[in-house]
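Remarks on the structure that follows.
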Amino acid sequence: MARRRMIYEGKAKVLFEGPEPGTLVQYFKDDATAFNNKKKGTITGKGVLNNRISEYLMNRLNEIGVPTHFIRRLNMREQLVREVEIIPIEVVIRNVAAGSIATRFGIAEGTPLPRSIVEYYYKNDELNDPMVSEEHITAFGWATIQEIDEIIALSLRINDYLSGLFLGIGIKLVDFKLEFGRLWHESGDMQIVLADEISPDNCRLWDAKTNEKLDKDRFRRDMGNVEGAYQEVARRLGILPEAGPADAPAPDTVQ
Ligand code: TMP
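For the sequence shown, the positions run 1 to 255 when full-length UniProt numbering is used.
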């Protein structure tokens with residue numbers, strides 16, 4: 001088992017030092033949290049599935065020219081990514097009312113929104129990820145107006161592409177959360193790239209015909225069959241990993 005230096009441990013993933021400078025290894029855990037860490041649990045096999053699902057979606061996005069941090073999947077639970085400076089903003093794109101927007105404005109869940117809506121939340125668990133505006137983002141120096149413009153353009157493009165991709169496999173992309181980072185090139189140029197992951201942990205995915213939830217809301221709302229829902233998304237994408245002994249345990253870490 002490789003010994004790796006741990007860089008950062010998040011709620012669902014761990015980042016380790018990568019094999020070359022400027023790279024990191026992103027390890028996907030089975031741990032699940034909701035409501036900013038107030039609810040905790042385990043979704044067996046989630047890390048393996050999210051590693052595959054995110055690999056698949058990042059590859060498709062790279063193919064259409066959306067820059068991402070993703071390099072390649074290494075094994076069942078790990079992928080190699082580029083080291084980026086994470087912008088501390090969670091970008092939420094919504095197509096259909098669900099979750100917090102449904103509660104905030106008293107809109108019935110499942111109501112299509114008049115157009116796609118982009119929202120920003122400041123990434124800070126202690127503050128419960130407060131919703132923020134472009135004013136807050138620029139005034140507090142979390143990102144520049146040019147960076148926000150780039151983030152909106154990329155987010156809308158990702159939304160268009162993924163909405164079509166999911167519809168093709170009978171899934172409605174209700175909403176999702178993205179994170180972006182700054183990738184510094186040796187020339188000194190900086191590029192905004194998609195980072196983190198795209199998986200049923202941070203998307204709302206509903207069956208297009210029945211509206212059955214195929215995402216983390218099954219965990220958040222104690223609906224049962226959480227594992228089955230994640231597997232169904234992977235199955236429809238044609239990437240369900242064969243069950244077998246190939247699961248990779250977490251590497252030993254060195255401090
Ligand atoms: P919300 O309706 O709870 O605001 O969530 C909107 C979308 O963002 C939903 O697909 C879940 C995702 N999300 C995260 O990935 N992380 C978070 O911390 C929150 C609050 C939402």
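Every residue, glycine too, gets a C-beta built ideally from N, C-alpha and C.
Taking DSSP's pairing of strands, which residues face residue i in a bridge?
i: lysine 46; result: In DSSP, lysine 46 forms no bridge with anything.
i: tryptophan 184; result: Met190
i: leucine 173; result: Leu205
i: methionine 131; result: Tyr121
i: lysine 40; result: Thr33
i: threonine 23; result: Arg82
i: isoleucine 89; result: Tyr122
Among the candidates the options, whose CA atom is the shortest distance from the CA of residue i?
i: asparagine 202; options: Gly181, Leu156, Glu90 and Pro21; result: Glu90
i: isoleucine 158; options: Pro88, Val193, Arg182 and Glu186; result: Val193
i: tryptophan 184; options: Thr23, Phe166 and Gly18; result: Thr23
i: glycine 110; options: Thr103, Val96, Asn36 and Ile101; result: Val96
i: isoleucine 53; options: Leu162, Arg104 and Gly188; result: Leu162
i: valine 226; options: Glu150, Leu57, Lys46 and Asn37; result: Lys46
i: glutamate 150; options: Glu134, Gly164, Leu165 and Asn51; result: Glu134
i: glutamine 146; options: Phe105, Leu127, Asn50 and Met190; result: Met190
i: methionine 223; options: Glu232, Gln231 and Glu212; result: Glu212
i: leucine 165; options: Glu78, Phe219 and Leu237; result: Leu237
i: proline 241; options: Tyr8, Asn37 and Tyr56; result: Tyr56
i: valine 48; options: Leu214, Leu167, Leu74 and Asn36; result: Leu74
i: aspartate 217; options: Phe105, Arg235 and Gly99; result: Gly99
i: serine 199; options: Ala102, Phe219 and Val233; result: Val233
i: isoleucine 93; options: Gln79, Phe176 and Thr68; result: Phe176
Go to residue i, then tell me how far its beta strand (DSSP E) extends in each direction, as first and last residue.
i: arginine 4; result: 3 to 9
i: isoleucine 107; result: That residue, isoleucine 107, is in no beta strand (DSSP E); it is neither H nor E in DSSP.
i: valine 66; result: Unbroken run through valine 66: none, as it is neither H nor E.
Can you tell me whether DSSP reads residue i as helix, strand or coil?
i: methionine 76; result: coil
i: asparagine 95; result: strand
i: serine 116; result: strand
i: valine 226; result: helix
i: arginine 82; result: strand
i: phenylalanine 16; result: strand
i: aspartate 30; result: coil
i: isoleucine 53; result: helix
i: glutamate 197; result: coil
i: leucine 178; result: strand
i: glutamate 242; result: coil
i: glutamine 255; result: Its pLDDT being 47, under 50, glutamine 255 is placed unreliably by the model, and the measurement read from it follows with that caveat. Correct three-state label for glutamine 255: coil.
i: leucine 237; result: helix
What residue range does the alpha helix (DSSP H) around residue i cover?
i: phenylalanine 166; result: 145 to 167
i: threonine 138; result: 134 to 139
i: arginine 220; result: 217 to 220
Touch test, the stretch 61 to 68 against the stretch 103 to 120, Cβ-Cβ under 8 Å, three pairs minimum: Touching, no, given that fewer than three Cβ pairs across the two stretches are closer than 8 Å.
Any 3 or more C-beta pairs closer than 8 Å across the stretch 4 to 12 and the stretch 25 to 39: yes
The stretch 33 to 46 contacting the stretch 146 to 155, beta-carbon criterion three pairs below 8 Å: no
Touching by the beta-carbon criterion (3+ pairs, under 8 Å), the stretch 170 to 186 and the stretch 79 to 94: yes
Given 8 Å, three or more beta-carbon pairs between the stretch 164 to 173 and the stretch 197 to 214: yes
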